[in-house]
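Accompanying notes for the structure given below.
In structure tokens form, the structure reads like this:
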């Protein structure tokens, strides 16, 4: 793959979303690839917030993290990823398969 000068991007900010999946789908392919059962358990937002605060996370990080997590589940794949990469992006499952030795 030819390398392009990074300078062409300047101060650009790109919204890049690829392979959107639910946490349950993540658990399913992680189980399959890693050969062990991974279970996703949904936790109430209030409980997630309390847990984050207990571990020392600042209020705004915890609050905004919970707000964003709900929004991320419904985002479509952005077509610009393949333009910037010069190829189709990997799926999360493909990446886990290639890197399963670190799990």
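In the numbering used here, the protein residues as written are 1 to 103. No residue lacks a Cβ here, since even glycine has one placed at the ideal position from N, Cα and C. What you are looking at is a predicted structure, and each value in this text was computed from that prediction instead of being measured.
- Secondary structure note for residue 62: its alpha helix (DSSP H) is the uninterrupted segment 59-72.
- When C-beta atoms of the region 62-73 are compared with those of the region 41-50, three or more pairs fall below 8 angstroms, so the two segments count as touching.
- A residue is called buried once 16 or more other Cβ atoms fall within 10 Å of its Cβ, and residue 33 is buried on that count.
- Annotated three-state conformation of residue 15 is coil, per DSSP.
- The straight-line gap separating the alpha-carbon atoms of residue 55 and residue 4 is approximately 42 angstroms.
- Closest in C-alpha terms to residue 88, from the list 17, 7, 12, comes 17.
- 15 is the residue among 102, 15, 35 whose C-alpha sits nearest the C-alpha of residue 81.
- Taking the Cα of residue 50 as reference, the smallest distance to any Cα among 41, 25, 61 is reached at 61.
- Cβ contact annotation for residue 38 (same chain, cutoff 6 angstroms, sequence separation greater than five): 27, 30, 31, in chain order.
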